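Residue numbers (this note's numbering), protein chains in the order written: chain A, 1 to 213; chain W, 214 to 426.
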């Protein structure tokens, strides 16, 4: 069991953009930032429910498969779930449709908890007003020996990295410069200490970098 | 003939550090930031005058060789030459000893020009109080058809990148987080537009990324 992060960032370190609207919840740059991942066969199957076998099958797809493997619980911030965009809608159920790709308990950190939501396919959203550490302990308990992923956004991931609670950090760096958004790397000096580092590049230009403790 | 940049940066985008002293002109992090490059056979030969053949010979060394190949003139900022550390020493001749590794004319951008300095081995330092564009034109004239390198520091490189004057940008990304210093990537949104992008990783963990127009 490890505590994992898998995140896509731009070359200049932005993990999300700040020009979000309800129509483009991740900002106008999102398609370019996650393009290589969204093109994989695994993403198409798991997220888009495309069963035709379409999609790329190289290194990006291997990481996409790994993304979904052996995750027993996920933790995400309120912004990633969409509570910043839809703070007053008690029926908001996330961006991922009726059958979200997580297929495990998902803990959403928020100062305004709401009742849990059970979705099709094994995903249940729980809403917690608590510390990162306590949320992690709850996630570990329900993960049943499987991994816990800190899903995002970048601010939540940074909180967990700073607290030393992440065992494996995988960033997929898209070689584009966004110039704006929320930086993953702020104030993380020396994060690499004690880690083994693996770097691989895929034909899409994506750099897969893994820090493993 | 191309206008080139070759720069080493940390994963969080810092090209130099801000804790410089006369004893550690590039800051205490410098050895870790440039370690893979400084370990190459080419660096040892060309910069350290080590003729024993010691040093690494893999991908990092190939980039180190390329670094020195076909450069007809170089442009650097006052900080890289050391004028911020030794502003009042008219005899300051840079960090690189009597025979600097450049072996070509080097134009130092400064608001306080001083007389040119001819060094052993083909390097001459010229001091210019002018615009980036004009300095480039002067460098192109003396480069005799060879490449012109924008050597650094990051602020000067960024000026040239923003002005659209760079044909080839090679960054060697060292997988460490410095958390402080001068960022290369500030305010360069969309720099990748129209570029072909090459990404390679070396066993040292260094990511070599090239944007070519």
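Note that CB positions come from ideal geometry on N, CA and C, so glycine has one too. This structure is a prediction, so every number in the text was calculated from the model and none was measured.
Close Cβ partners of residue i (< 8 Å) along its chain, the five nearest in sequence each way excluded
{"i": "residue 145 of chain A", "result": "1 and 72"}
{"i": "residue 203 of chain A", "result": "58 and 59"}
{"i": "residue 397 of chain W", "result": "220, 222, 226, 227, 228, 367, 370, 371 and 384"}
{"i": "residue 375 of chain W", "result": "400 and 401"}
{"i": "residue 51 of chain A", "result": "45"}
{"i": "residue 178 of chain A", "result": "10, 12, 14, 17, 29 and 33"}
Proximal residues to residue i (C-beta, below 7 Å), its chain only, five neighbours per side dropped
{"i": "residue 53 of chain A", "result": "41"}
{"i": "residue 292 of chain W", "result": "366"}
{"i": "residue 409 of chain W", "result": "425"}
Cutoff 9 Å: residue i Cβ touching any chain A Cβ
{"i": "residue 305 of chain W", "result": "no"}
{"i": "residue 410 of chain W", "result": "yes"}
{"i": "residue 419 of chain W", "result": "yes"}
{"i": "residue 219 of chain W", "result": "no"}
{"i": "residue 398 of chain W", "result": "yes"}
{"i": "residue 256 of chain W", "result": "no"}
{"i": "residue 372 of chain W", "result": "no"}
{"i": "residue 422 of chain W", "result": "yes"}
{"i": "residue 401 of chain W", "result": "yes"}
Per-residue burial, residue i [other beta carbons within 10 Å of its own, 16 or more giving buried]
{"i": "residue 120 of chain A", "result": "exposed"}
{"i": "residue 387 of chain W", "result": "buried"}
{"i": "residue 126 of chain A", "result": "buried"}
{"i": "residue 282 of chain W", "result": "exposed"}
{"i": "residue 56 of chain A", "result": "buried"}
{"i": "residue 139 of chain A", "result": "buried"}
{"i": "residue 94 of chain A", "result": "buried"}
{"i": "residue 99 of chain A", "result": "exposed"}
{"i": "residue 406 of chain W", "result": "exposed"}
{"i": "residue 242 of chain W", "result": "buried"}
{"i": "residue 110 of chain A", "result": "buried"}
{"i": "residue 328 of chain W", "result": "exposed"}
{"i": "residue 123 of chain A", "result": "buried"}
{"i": "residue 105 of chain A", "result": "buried"}
{"i": "residue 346 of chain W", "result": "exposed"}
Run of the beta strand (DSSP E) containing residue i, from where it starts to where it stops
{"i": "residue 174 of chain A", "result": "168–174"}
{"i": "residue 364 of chain W", "result": "360–365"}
{"i": "residue 341 of chain W", "result": "337–341"}
{"i": "residue 4 of chain A", "result": "3–10"}
{"i": "residue 51 of chain A", "result": "That residue, residue 51 of chain A, is in no beta strand (DSSP E); it is neither H nor E in DSSP."}
{"i": "residue 111 of chain A", "result": "Run containing residue 111 of chain A: none; DSSP gives neither H nor E here."}
Run of the alpha helix (DSSP H) containing residue i, from where it starts to where it stops
{"i": "residue 255 of chain W", "result": "254–259"}
{"i": "residue 199 of chain A", "result": "Segment 196–201 is the beta strand (DSSP E) holding residue 199 of chain A; no alpha helix (DSSP H) there."}
{"i": "residue 191 of chain A", "result": "Run containing residue 191 of chain A: none; DSSP gives neither H nor E here."}
{"i": "residue 136 of chain A", "result": "132–143"}
{"i": "residue 33 of chain A", "result": "30–38"}
Neighbourhood of residue i by C-beta distance below 6 Å, restricted to the same chain and skipping five residues each side
{"i": "residue 363 of chain W", "result": "218, 288, 370 and 373"}
{"i": "residue 414 of chain W", "result": "420"}
{"i": "residue 379 of chain W", "result": "216, 218 and 373"}
{"i": "residue 260 of chain W", "result": "314"}
{"i": "residue 256 of chain W", "result": "250 and 277"}
{"i": "residue 279 of chain W", "result": "none"}
{"i": "residue 198 of chain A", "result": "210"}
Interface flag, residue i vs chain W, CB-CB below 9 Å
{"i": "residue 155 of chain A", "result": "no"}
{"i": "residue 165 of chain A", "result": "no"}
{"i": "residue 201 of chain A", "result": "yes"}
{"i": "residue 175 of chain A", "result": "yes"}
{"i": "residue 191 of chain A", "result": "yes"}
{"i": "residue 180 of chain A", "result": "yes"}
{"i": "residue 59 of chain A", "result": "no"}
{"i": "residue 13 of chain A", "result": "yes"}
Unbroken stretches of the alpha helix (DSSP H), 4 residues or longer, contained in the segment 268–317 of chain W: Counting only runs of 4+ residues, the alpha helix (DSSP H) found wholly inside the segment 268–317 of chain W occupies 272–281 and 291–294, in chain order.
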